[in-house]
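Trainee: Line order of the protein sequences matches chains A and B. The numbering of the first sequence is full-length UniProt numbering, which starts it at 1 and goes up by one. The numbering of the second sequence is full-length UniProt numbering, which starts it at 1 and goes up by one. Each residue gets a CB set at the ideal place from its N, CA and C atoms; glycine is no exception. Here it is, the structure in full.
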Amino acid sequence: MDSSNHWYGHAHILAAYCGKDAARPPRINGVVQHGWNILHGFGPGHEPPAGFIKYVWSDVARRRGHLIGWRDYAVIGSPWAYLLAQETEQPKERSGTIFYPFHTWEQGSIEGDHGELIARIKEIEPGPVTVCLYWIEYDMPEVRSAYEDAGFRVICHGQRGTYWKGTDTRFLYKQLAELRRHKRVASNRLTTAIFYGASVGCEAGVYGPQMDFVEDRGGFDGKHYVQRLHPGLHGESIDPDLLAEVTRSELGLDQLLSPQELSYELGWSMA
Amino acid sequence: MSDHDLPGRVRLIGGEMPTWSDLESAWEPARSGAQLPILLAALAGRSRVLIAGPHEPDLIAAVAGAIDGELTCLVRSIPDARLLGETFDADAGDGRVRIVCGSLERFDDTGYDAVVALDDIVRLYSTEGPEPVFGTALADLRRLLTPDGLLVVMVNNELGVHRLTAEVQPEADESEPAWTRPADSDNSRPRGLADLAEQFGPGAAIWPVYPLPSAPVVAWGAAVGSVDRTEHAGLLAALSEPATRSLERARPTADVASLMLRVRWSGRLPEFAAGWLVVAGPGADRSPAPDDVVAWLATDQGEPFAVRLADGSPVLPDGSAVPAGWLLPDVLAQAVVAPDQAALRSAIRGYADWLATLSDVAPAPAGRVVLDAAGEHRVLALGGVGSTSVAKTADEQLLIAVADLVRRVERHGYRRTWPSHLTPAEAVAWVAAMRGTPVPDDVLRQVVAETGLDRPLDPRSGEPIAVEAAAERFEESNASRARWFETRLKAAETQLTTAWVEVEKARRAYRELARVDNARLRNRLKTAAKEAAPPGAKRIGRAVRTRLGRVKRLTRRLRG
């Protein structure tokens, strides 16, 4: 019912987990949280319609939503967690670092110094580095070439899609494969990718110049807020036990529903 | 490091709530009341004090004025931190007050010689912190204290009169602050005096407060246990009355007065208190609960005052002895519900006769009159905390007492001594006539109008508020879903119109081709036309029709 349910192939992963047609996921009776955030589970300005269920990854999103009068939450864990439950094969060996520069999005832009970030990555990372760009930056020759010229392997997991079109339904599968072949995951902001990496055993780092959104984000820039919220998750090398604990909570790794219950929650029991 | 434009005295420690305000929420913060003199006495001479949780600025200012050193306020809400910061910036820039904003488990500043939490512990942790657990919170507060530090905590009693009379119980509370599990499900929470003694130590002073933990009107002292509850039923009733009246305003459908009467009769004021103010710690003996205090009472007119014991007997604030006996409104109510018309007549006539002997009737409203076993009336001189109406004549004073009685009987549906077909105004006249002499009509009309008994009482549905609220949410949810489907229906109809235009174009193209007189060429052209045609126009049309049908069926079902 909401096109964001298809972003990154989330609906497809949930359909596969529930034994439904993963190529044509049934309509979900609400809106699924599409990324880790510090709000009510949804992006700024994204208000799921009342009367439908808000499917979130963790209870903290429900609490934040409750405060602003939102109800009808279901804490189901992240689609990533359901992907991990389906893709259990472990890598034989890991090497290097995969770095996710903080990225722009379809309706906004960021400003920051990629050159400074590249210098920091070279200074910190000992092994081979893969830089994963969001598709928008990947299609910007000046950004992409900056990382390629630095000697990094540059990849893109694909597009998340818009209004049910252009979605790379293998997006997260590709991300999972890449994370499992790297020893470390890093970024210049604490983002979803760090938690994804931690969930599959990557060491992690969050460092480097933080980039900023150009446009106004409702008067609230979460950059400093996140640093205060998770001070231990910022640094060149993050305490793996602390990261594992936060990751388990934020991705809802302990919240997984059975296929039968998830089908019921998503409105698929009769589909 | 701050991403908020905050006053300089505010420090953010993480886990703050950026937009939420406890001070503005449906759950009121701690306010000054009967607990204030106890708190200020306990803090006197302390030099480093922490107030944790939401407290009204006036209460914080009172504490700041009472201590010698620095006061730190810990709140979880950024808007509240901003408000407090700006308040103290404006208040002559009191540099001794600083504000810390975040979740308690992140606060690592220790060495306080007093920690105050008058809002219980539930709002010490933010949405980003752990679920509030009493035992953990107590440990978190204690770790901030010096070894001889003092801990002052208001502990909510989940079996208190405020809960027993609440229309919305914690299990049904859907308000915004209620995002955690109900406090009662926390097994480490003290549920009675024995639990309090166990958690705070046997030396802790415990003050049961009424009617709300956030706004205590009366705080009962240890000496209340030494007051004979039959001999001094009138005193205990009078001390309870402001709290009862306050709770009745918040719980208009509850018979608070009767419940409070039973609590007093049973001698269980501590057990059914709305909360317990606990003063604990090795330093508690520096400012102990004076053993002679029966109760601290907050007033609308001035500072709280205490009723104490002297030589084993209660004395009033002016030093006079407390007259023994029952409070007159209780005597009248007992006669009505008996139902004992003779007893009611006797009480009305006795009060009227006594009023007639007074030169000034203003200090003798029924709520301040004690009636002893011999039928003697005496004024209980507790100051201006009683009835809100001030009478000038004996007729007026009697009619106010009767009007209060009738309102109580009508509001709670008591059985009664007067005919049930009487309106409240007629019932006032009926009861007042029991004094044996006519009551002037103009005074009767005036009192009836002033007490609101000339209007019908508010209608009450039989549906609990929480059930009504749940039904409203159900209806809103369905309406919202219907609106969403209507929007999708309109979009689908637009798509269908476009699809039919495309189908018609395709049909025309086929008709043109059908006229070609060469079968082979015709087939080749048809194939080419199919490839050039809009993608699957007929398929789009069928799909849109199918979805349209589903949407219509769903919309009908939701509306139905």
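Taking the DSSP output, what are the residues bridged to Asp120 of chain B?
Mentor: B:Leu118, per the DSSP bridge assignment.
Trainee: Consult DSSP for Ala34 of chain B and reduce its assignment to one of helix, strand or coil.
Mentor: Here Ala34 of chain B sits in coil by DSSP.
Trainee: Start and end of the beta strand (DSSP E) containing Tyr210 of chain B?
Mentor: Run containing Tyr210 of chain B: 205-212, per the beta strand (DSSP E) assignment.
Trainee: Mind checking whether Leu269 of chain B and Leu380 of chain B have CB atoms under 8 Å apart?
Mentor: No.
Trainee: Short of 8 Å Cβ to Cβ, which residues in the segment 60-82 of chain A face chain B?
Mentor: Answer in chain order: Val60, Arg62, Arg63, Arg64, His66, Leu67, Ile68, Gly69, Arg71, Asp72.
Trainee: Mind checking if Phe195 of chain A is an interface residue toward chain B, Cβ cutoff 8 Å exclusive?
Mentor: So no, Phe195 of chain A is outside the interface.
Trainee: In the DSSP assignment, find the unbroken beta strand (DSSP E) run with Phe99 of chain A in it and report its ends.
Mentor: Note, Phe99 of chain A: beta strand (DSSP E), 97-100.
Trainee: Would you report the Cα separation of Pro282 of chain B and Val448 of chain B, rounded to the nearest angstrom?
Mentor: One C-alpha to the other measures close to 56 Å.
Trainee: Considering only the alpha carbon of each residue, which of A:Gly232, A:Ala177, A:Ser95 lies closest to Thr247 of chain A?
Mentor: Comparing Cα-Cα distances from Thr247 of chain A to each of A:Gly232, A:Ala177, A:Ser95, the minimum goes to A:Gly232.
Trainee: Give the straight-line distance between the Cα atoms of Glu486 of chain B and Thr498 of chain B, rounded to the nearest whole angstrom.
Mentor: Between Glu486 of chain B and Thr498 of chain B, the C-alpha separation is close to 19 Å.
Trainee: Along the chain, where does the alpha helix (DSSP H) that runs through Pro419 of chain B open and close?
Mentor: Run containing Pro419 of chain B: none; DSSP gives neither H nor E here.
Trainee: Taking the straight line between their C-alpha atoms, what separation do you get for Ala401 of chain B and Thr451 of chain B?
Mentor: Between Ala401 of chain B and Thr451 of chain B, the C-alpha separation is close to 11 Å.
Trainee: Please go through the same chain and pick out, in chain order, the residues whose beta-carbon is closer than 6 Å to the beta-carbon of Asp454 of chain B, but skip the five residues on each side of it.
Mentor: Answer for Asp454 of chain B: Ala425, Val448, listed in chain order.
Trainee: Listed from N- to C-terminal order along the chain, which residues in the segment 122-144 of chain B have their beta-carbon within a distance smaller than 8 Å of any beta-carbon of chain A?
Mentor: Residues passing the 8 Å Cβ filter: Thr127, Glu128.
Trainee: Would you check if there are 3 or more beta carbon pairs closer than 8 Å linking the segment 164-173 of chain A to the segment 3-22 of chain A?
Mentor: Contact holds: three or more Cβ-Cβ distances are below 8 Å.
Trainee: Could you tell me how far apart the beta carbons of Leu266 of chain A and Leu14 of chain A are, in whole angstroms, since I believe they sit closer than 8 Å?
Mentor: Their Cβ separation, rounded to whole angstroms, is 7 Å, which keeps Leu266 of chain A and Leu14 of chain A in contact under 8 Å.
Trainee: According to the neighbour-count rule (16 or more other Cβ atoms, all chains shown, within 10 Å of its Cβ), is Gly208 of chain A buried or exposed?
Mentor: With 16 or more Cβ atoms within 10 Å of its Cβ, Gly208 of chain A is classed as buried.
Trainee: Are the Cβ atoms of Asp67 of chain A and Trp179 of chain B separated by less than 8 Å?
Mentor: According to the sequence provided, residue 67 of chain A is Leu. The question's Asp does not apply to it. Closer than 8 Å, so yes.
Trainee: So, with DSSP's three-state summary, where would you put Lys505 of chain B?
Mentor: Of the three classes helix, strand and coil, the one that applies to Lys505 of chain B here is helix, per DSSP.
Trainee: Which residue's Cα is closest to the Cα of Val209 of chain B: B:Gln169, B:Arg76, B:Gly201, B:Pro242?
Mentor: Out of B:Gln169, B:Arg76, B:Gly201, B:Pro242, B:Pro242 has the C-alpha closest to the C-alpha of Val209 of chain B.
Trainee: Three-state secondary structure (DSSP) at Val31 of chain A?
Mentor: Of the three classes helix, strand and coil, the one that applies to Val31 of chain A here is strand, per DSSP.
Trainee: In three-state terms, what does DSSP make of Ala295 of chain B?
Mentor: In this structure, Ala295 of chain B counts as strand in the three-state DSSP scheme.
Trainee: Roughly how many angstroms lie between the CA atoms of Ala509 of chain B and Arg488 of chain B, to the nearest whole one?
Mentor: Answer to the nearest angstrom: the Cα atoms are 31 Å apart.
Trainee: In chain A, what lies closer than 8 Å to Gly15 of chain B by C-beta?
Mentor: By Cβ distance, chain A contributes Arg228, Leu229.
Trainee: Which residue comes first and which comes last in the alpha helix (DSSP H) that contains Lys54 of chain A?
Mentor: Unbroken run through Lys54 of chain A is the beta strand (DSSP E), 53-56; no alpha helix (DSSP H).
Trainee: Consider the Cβ of residue 273 of chain A: report whether some Cβ of chain B lies at a distance smaller than 8 Å.
Mentor: A question about residue 273 of chain A goes unanswered here, because the residues of chain A that appear run from 1 up to 271.
Trainee: In three-state terms, what does DSSP make of Lys20 of chain A?
Mentor: If DSSP states are grouped into helix, strand and coil, Lys20 of chain A belongs with coil.
Trainee: If you count every other CB in all the chains shown that lies within 10 Å of the CB of Trp354 of chain B, and 16 or more means buried, which is it?
Mentor: Burial call: buried.
Trainee: Beta-carbon of Leu328 of chain B versus every beta-carbon of chain A: anything under 8 Å?
Mentor: No, because no Cβ of chain A sits closer than 8 Å to the Cβ of Leu328 of chain B.
Trainee: Nearest chain B C-beta to Ile13 of chain A closer than 8 Å, yes or no?
Mentor: No - not a single Cβ of chain B is within 8 Å of the one on Ile13 of chain A.
Trainee: Given that Gly51 of chain A touches chain B, what residues does it touch there, using C-beta distances under 8 Å?
Mentor: Chain B residues near Gly51 of chain A: Glu476, Ser477, Asn478, Ala479, Ser480, Arg481, Trp484.
Trainee: Below 7 Å between beta carbons is the criterion; list the residues of the segment 137-168 of chain A that meet it against any residue of chain B, in chain order.
Mentor: Under the 7 Å Cβ criterion, the segment 137-168 of chain A contributes no residue.
Trainee: Is the CB-CB distance between Thr146 of chain B and Gly111 of chain B below 8 Å?
Mentor: Yes, Cβ-Cβ distance for Thr146 of chain B and Gly111 of chain B is below 8 Å.
Trainee: Among residues of its own chain, excluding the 5 on either side of Ala491 of chain B, which ones have a beta-carbon nearer than 6 Å to its beta-carbon?
Mentor: Nothing meets the Cβ criterion.
Trainee: Are the C-beta atoms of Arg407 of chain B and some chain A residue less than 8 Å apart?
Mentor: No - not a single Cβ of chain A is within 8 Å of the one on Arg407 of chain B.
Trainee: With DSSP as the reference, label Lys174 of chain A as helix, strand or coil.
Mentor: Lys174 of chain A: helix per DSSP, three-state reduction.
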